[in-house]
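In our numbering, the protein residues as written are 2 to 178.
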């Protein structure tokens with residue numbers, strides 16, 4: 002049975018946000034462990050996609066907490082630290098999905114999957130599509146050399162623009178004294 006996560010605290014310092022981000026960046030090691038312990042020949046939904054989905058869910062849950070401070074903290078230092086922390090985690094997260102060996106596992110599951118659960122099929126299709134769009138199905142180039150890295154860069158820049166627009170909108174709504 003799943004346990005209920007602890008409620009977040011809001012009495013943090015900028016260095017605490019950096020520490021949380023540094024801890025989250027270690028998620029790459031969990032993906033490396035997955036890739037090192039499962040081969041494409043024995044990759045299944047249960048030993049590949051489910052652990053990958055668990056990693057993804059945990060990371061997204063925790064990065065949302067970091068991102069919260071970008072929008073609500075009255076401290077410029079905390080907002081900047083939050084932005085830097087989210088940037089660090091985003092780069093690590095996107096780097097995970099530029100790993101050719103991970104694509105090999107997901108692709109093997111995708112080719113052989115005969116599950117009956119539609120939610121499982123949707124998850125598999127979504128992750129496979131994301132890796133495929135990163136250019137990992139192309140032969141002779143690594144994930145970081147592919148056009149997917151350009152997509153990642155553009156997506157990240159778009160994310161930063163959204164944050165800027167939301168921040169400006171928030172300040173426009175703030176009454177002046």
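Note that CB positions come from ideal geometry on N, CA and C, so glycine has one too.
Note on residue 23: under 16 other CB atoms within 10 angstroms of its CB, so exposed under the neighbour-count rule. When secondary structure is reduced to three states using DSSP, residue 39 falls in the coil class, being assigned neither helix nor strand. Following the DSSP letters along the chain, one finds residue 118 in no alpha helix (DSSP H), marked with neither H nor E. In the DSSP assignment, residue 59 falls within the alpha helix (DSSP H) that extends over 51-73. By the neighbour-count definition (other C-beta atoms within 10 Å, threshold 16), residue 11 is an exposed residue. A straight line joining the alpha-carbon of residue 65 with that of residue 96 spans about 18 Å. In this structure, DSSP gives residue 17 a helical state, which the three-state scheme calls helix. A Cβ-Cβ contact shorter than 8 Å links residue 132 with residue 103. The DSSP-derived three-state label of residue 137 is coil.
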